[in-house]
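Line by line, the protein sequences are chains A, B, C and D.
FYI, the numbering for the first sequence is 930 to 1254, going by the numbering used here.
FYI, the numbering for the second sequence is 930 to 1254, going by the numbering used here.
FYI, the numbering for the third sequence is 79 to 439, going by the numbering used here.
FYI, the numbering for the fourth sequence is 79 to 439, going by the numbering used here.
Every residue, glycine too, gets a C-beta built ideally from N, C-alpha and C.
Quick caveat: nothing in here was measured; it's all calculated off a predicted structure.
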Amino acid sequence: MAKMTMVEAINMAHAWEMEHDRNVVVLGEDVGINGGVFRATVGLQQRFGSARVQDTPLAEGLIAGTAIGLAAQGIKPVAEIQFMGFIYPALDQIASHMARLRNRTRGRLTCPLVLRMPHGGGIHAPEHHSESLEALLCHHPGLRVVCPSSPARAYGLLLAAIRDPDPVMFLEPVRLYRFMRQEVADDGQALPIDSCFVLREGSDLTIVTWGAMTVETLKAAEQLSGEGISCEIIDVASLAPIDFDTILDSVVKTGRLLIVHEAARTCAVGAEIAATVSEHALYDLLAPIRRVTGYDTIMPLYRLEYDYIPSLARIVDGIRATLAE
Amino acid sequence: MAKMTMVEAINMAHAWEMEHDRNVVVLGEDVGINGGVFRATVGLQQRFGSARVQDTPLAEGLIAGTAIGLAAQGIKPVAEIQFMGFIYPALDQIASHMARLRNRTRGRLTCPLVLRMPHGGGIHAPEHHSESLEALLCHHPGLRVVCPSSPARAYGLLLAAIRDPDPVMFLEPVRLYRFMRQEVADDGQALPIDSCFVLREGSDLTIVTWGAMTVETLKAAEQLSGEGISCEIIDVASLAPIDFDTILDSVVKTGRLLIVHEAARTCAVGAEIAATVSEHALYDLLAPIRRVTGYDTIMPLYRLEYDYIPSLARIVDGIRATLAE
Amino acid sequence: MSECTTAARFEIHYRACLSPEGQLLGESSRASTDPALLQRMYRMMVRARIFDAKAVNLQRTGKLGTYPSCLGQEATHVGVGAAMRAEDVLFTVYREIGTKLWRGVDMYRILLYWGGDERGTLYEHSPQDFPFCVPIGSQMPQAAGAAMAMKIRGEARCVLVFIGDGGTSQGAFYEAINFAGARELPLVCVIVNNRWAISVPVERQTAAKTLAQKAVAAGVPAVQVDGNDALVVHQVTTEALERARRGGGPTVIETLTYRLADHTTSDDATRYRSAEEVQSAWALEPLLRLRRFLEQRGLWDAQAEEALKRECAVEVEAAVRQYLATPRQATDAMFDYLLAELPPALHSQRDEARRYAALRG
Amino acid sequence: MSECTTAARFEIHYRACLSPEGQLLGESSRASTDPALLQRMYRMMVRARIFDAKAVNLQRTGKLGTYPSCLGQEATHVGVGAAMRAEDVLFTVYREIGTKLWRGVDMYRILLYWGGDERGTLYEHSPQDFPFCVPIGSQMPQAAGAAMAMKIRGEARCVLVFIGDGGTSQGAFYEAINFAGARELPLVCVIVNNRWAISVPVERQTAAKTLAQKAVAAGVPAVQVDGNDALVVHQVTTEALERARRGGGPTVIETLTYRLADHTTSDDATRYRSAEEVQSAWALEPLLRLRRFLEQRGLWDAQAEEALKRECAVEVEAAVRQYLATPRQATDAMFDYLLAELPPALHSQRDEARRYAALRG
Ligand SMILES: Cc1ncc(C[n+]2csc(CCOP(=O)(O)OP(=O)(O)O)c2C)c(N)n1
Ligand SMILES: Cc1ncc(C[n+]2csc(CCOP(=O)(O)OP(=O)(O)O)c2C)c(N)n1
Ligand SMILES: [Mg+2]
Ligand SMILES: [Mg+2]
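Okay, here's the thing in structure tokens:
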């Protein structure tokens, strides 16, 4: 079994599914001979041909709209948006059509497709290249939103996303693309896109997070375990629809909840989790639910990006504060 | 003092400000000789000329982008998006530029402008004409988001929006355009766009809502007052940034909070309010914070729209349930 | 001042087959030599107009929601429908009643859609056609995508997509035709230039003398035709579809017609255009000229007209009865087609909706 | 088959002043008869190239973020800058170093921007110019808006906006030139056709033979020029700005040049294009031909070249030193320019950021 990075695992998942499903087609900006700016699709055009791996013109609205037309005709598009900050021109197609086609046609036409996009900051990228906009997608019923946090989960979740009968927005944390290598079996095994992953079991408090923030969160838990603090860490992974059962069970067990995410705080996914948990588990809460998140500011240019992205220190303090009460 | 509808009050606010500020310019689809599909800009082109009241080509991204260029050059654009469901093509301009221009140029260039749009459903309009998407805007730092709930507040808040030094998204509840007549003084007096309005004082529970939902909410409070239930009703009005002080003070007083909004529930503004209140006032809460909202589904075509929009009965039950614990 | 050579040259042609008086211009067209087709087209245009009048009437009497009349555009809509093959895929905006009817969509379904019921998009006879598309321009990239699917599979099928004169101002229109040109997709785009986008005349929409020339930006061939002339619309659309089917790539067709009605039933066009303009447009309307042409050839007469009108009235009445007799969907309809399977978290919302529906009765 | 007339005709001209060998083609241009201007343009092109090389170098040594080199496009960038007036407003994409320098933007600011610091957008000498615009195409409607403001005020000012070949595929490009045409806005749009959009060649981007012809869609006059010829770029841009200033409306100019460098420092162009292609493009690069032209006229020589290079090196070094010596902003910088006034609710977030900045040190 080969040790690989997340971006390699994503590439491998593409290859597996294209090998086993002739209807899978890859499209996006620079996904062909260039293999994508992060190399996620490298080698696919050479292997599967330029009919099944196509560079598109530079237009995200076109990419999303084309994917809808392809999907409705029985092709399985796996389309790449080069960076999540460039999703805006595609939102009309995503919100007005992708999320709605099944509903507005009473199931006559559907949109099984995947829209992949690099998510978040931390790689000293230029302006608009470090955005965390999952909340915009999660607010729209009819979409699935998935965000992996390891090479193996990226492989299994991407396979599930491609096989899903509905549109799946697949958010890939840029910090994790080459962050670590992990053994990933190329066995075509999908992972569920309707459940959270418990990354660490614990009894003192529950920390809910996803994507790249799982790394600092695990570090924080590790660090505090030395002081006998036992954190349970849940990787939400599927941000829409969310598996609240797992989250609620954990909070009922620990009585305390900390939410960690990179996106700006207001109206983000963390707000929904806090609202839902406090509605359903208020009497189990021993302390207020805290959120350690990106600030409600514009993602700064890179010199300050690590002042914006929740740091280990902020998470550790968030844990302590949640336990203090 | 003339009794007028909300749409007339909005028209009057335009006229006042255009009369007193030569830099104010109105643009949008059909805002000229047609006076807007809801007549909000009727008569303005005849009165102020076609240089200051201009129909644009049919392109929301163009309208928003043009407004940015105008604003940066010292013109004060008041632009109309014909329905909120058509905001998507404008989101790149709104999120990537309007919300950021001041920040990304360290204050060298700014975007004082207003983007007006009809908000919500309930008038048996066609598909895509009944959306409540305030959360998409509120998630973006750098924007102000305002939603009036009466003719007088529409007048005062629109004046404040036009005079504000930053971009203001002005959401106009379609159900309220002609719902009631109210005396509105054409005195050029603006209302604050950084505070909530307490529409009704009460002691048993706090209900937070905005826009058209204030109507059913007030009805519910009225109905239950007969049973001796005393509801405090807060019209958030300014959805971003939110005046949390007023909301928290009220919740601390009543110990119970119900949130009512028309938008889909997940990651909506109600989630943020619930999360923030439960974080800062957990120990004051005598019952879980409940949300009575639109369902997490596509806004249905009009035959079912009143099954989607929170009804008086759902609000009444929400109040009872919040008081039951 | 500097060396100057010519890098590129373009010409936009205008074509017409039938004069407003019903006289054949130039040689015959495919339709003009096919009596059965001529009659089918004329019958469909009349059918569309009679349905349309009834729909407007239903709205006026509070029995239908906002409705966009197709009055005056029947030749464009029917001519296009007649040129398509069953296996082709159609993307419309919201006004193309004649094309929908030609594709076999029930009047009942069209009423259901404008009557606020999603079941109005169930097209029994053209199951791959897309429903009406309200967000202007957004149908364009989807149509390109469907055409791309056909090209990937090497099928001899085409996509036909409509857009309005106002719609050509949306970036999505341009993105799609540019892509179709670059990939030689089997896509035919019909720009219905009815001169108005609600209250905005096409001259305010663009400085382009023709809308066909917008295709020059995409390197796509284009032609402008008399959109009130069913014969030429059928002719150029057939030619374009044939070329696309042969792998010859996309075509843009501008059909010059006129929106004789208000934009929709919620609009009052007298606010922004003159009665004279509408009057003179009536002189060019498409039905009478085709009827004259048929009559000259002995393919139509007053009796046939009467019979057809009666027939259509009966059909429309039946559709209206069925529509009015259709109870609204249960609230489950909001949840049943959200995703292939309703997420557990939404079951409680579905139940809540059921409870209150019972109260609402 | 049908009556067929011509509805519209278009021609796209190609213009050039200077051959790759530095010979004047046709008659003289405005710049060719203005020695001081010729020298200023050449000096600015060299300045841009030397700065550019240094910036790439800084990135390679980890002292700068991702940087998009302007190598090979200096004639287009400088020719445009030279044609503008100080009171005009400039909208660039991200590669137009020569134009920024001509507008008086400090090299220091440009380094700061690509060095991840918002203060890099503080333009002391062109306070109304917009900063670099990364979301491709989005600058276009903003530029149209700025031009609309000038027209509303009846000012004799213009807006100059750049876009790339790849950018012409974005709907926003088309929406903006269409609007500019319909309202006769004082807008000049320069399409920098450097043949590549990262790894996508312009032939994959569009079937249009020229990018200038995209203006036909908007009813806007357009011309294609040799973008490595500073004289013709200056000439046609000056003509276009003059017409716009006179109220004659917008122009689209396509400048044919070549991206001699990788797309950015994060790109490796050898993955997708041949060394031969790049080699032959070097034969057409803009600096040498202008230098030859100057030398023929006795306006330049080896000494001048040496002196200029030394001068630029000194300037660049100073800018680099200032850049490297600039401490990053305090975390308050995230909050200070969010809105005119920081909302009360955000004070606690600002304080939190301060606290952890102290820890981070
Ligand atoms: C994106 C979007 N913006 C605005 C509207 C509102 N609207 C509906 S129809 C229309 C005018 C369309 O004109 P045109 O494209 O010429 O089509 P026509 O109505 O003439 O058939 C407008 C502005 C919309 N439906 N979608
Ligand atoms: C909306 C958007 N999508 C994608 C990108 C990523 N991207 C940056 S530059 C570029 C190619 C631009 O090509 P072109 O317009 O020809 O300009 P050039 O780089 O050649 O100067 C792409 C795809 C972006 N910056 N913005
Ligand atoms: Mg029209
Ligand atoms: Mg390029």
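Taking a beta-carbon distance threshold of 9 Å, A250/D counts as an interface residue toward chain A. Approximately 18 Å separates the beta-carbon atoms of P146/C and R125/C; this is outside 8 Å, ruling out the contact. In the DSSP assignment, P1102/A is bridged to H1048/A.
Straight-line spacing of the CA atoms in I1163/B and I1176/B works out to 7 Å. For the segment 202-220 of chain C, the beta-carbon criterion of a distance under 7 Å to any beta-carbon of chain B is satisfied by V212, P213 and I214. At the C-beta level, V1127/B and E1161/B come within 9 Å of one another. If the five residues before and after E262/C are omitted, its C-beta is found closer than 6 Å to the C-beta atoms of G327, all from its own chain and listed in chain order. Taking 9 Å as the Cβ-Cβ cut-off, the segment 185-197 of chain C approaches chain A at E196 and R197, given in chain order.
Taken through DSSP and simplified to helix, strand or coil, T1183/B comes out as helix. C-alpha of L1252/A to C-alpha of H1209/B: approximately 16 Å in a straight line. Taking non-hydrogen atoms of ligand 1 into account, the C-beta of W378/C is found less than 8 Å away from none of them. Between the C-alpha atoms of I175/C and D130/C there is a straight-line separation of about 8 Å. In this chain, the beta strand (DSSP E) harbouring P1006/B covers K1005 to E1009. Boundaries cannot be given for S106/C, as no beta strand (DSSP E) includes it and DSSP labels it neither H nor E. Residue-level contact by beta carbon holds for V1198/B and chain A, with a gap shorter than 9 Å. Rounded to the nearest angstrom, the gap between the Cα atoms of C267/C and I255/C is 8 Å. About 7 Å separates the CB atoms of A308/C and M123/C; that is less than 8 Å, so the two are in contact. In the three-state reduction of the DSSP assignment, I1248/A falls in the helix class, which pools H, G and I. Distances taken from the Cβ of A275/C to the heavy atoms of ligand 3 include one shorter than 8 Å.
Under the Cβ distance rule, I1136/A does not count among the residues neighbouring chain B, no pair being separated by less than 9 Å.
When Cβ-Cβ separations below 9 Å define contact, N963/A makes no contact with chain B. For the 9 Å CB-CB criterion, L1211/B and A1008/A do not form a contact. In the DSSP assignment, G249/C is bridged to no other residue. Here the alpha carbon of K1148/A sits roughly 23 Å from the alpha carbon of V1075/A. The beta carbon of V1137/B sits closer than 7 Å to those of I1163, V1165, I1176, L1186, I1188 and I1202, all from its chain and outside the five residues before and after it, given in chain order. Taking the Cα positions, P421/D is about 10 Å away from G1071/B. DSSP, read as helix, strand or coil, puts Q283/C in helix. Within 9 Å of the CB of P1217/B, the CB atoms of chain A belong to S1207, E1208, H1209, A1210, L1211 and Y1212, in sequence order along the chain. In the pairwise beta carbon analysis, the segment 338-355 of chain C is classified as touching the segment 146-158 of chain C: at least three pairs are separated by under 8 Å.
Taken through DSSP and simplified to helix, strand or coil, Q151/D comes out as coil.
Cβ atoms of N271/D and D243/D come within 8 Å of each other, at about 4 Å. Around the beta carbon of P1055/A, 16 or more other beta carbons lie within 10 angstroms, which makes this residue buried. What T199/D touches in chain B, judged by beta-carbon distance under 9 Å, is R1033, T1034, R1035, R1037 and L1038, going in chain order. Just so you know, the alpha carbons of D184/C and D1116/A end up roughly 48 Å apart. The beta carbon of D984/A sits closer than 7 Å to the beta carbons of E958, D959, V960 and G961 from its chain, once the five residues preceding and following it are set aside; these are given in chain order.
Nearest C-alpha to I241/D among Y350/D, S107/D, R118/D and V158/D: V158/D.
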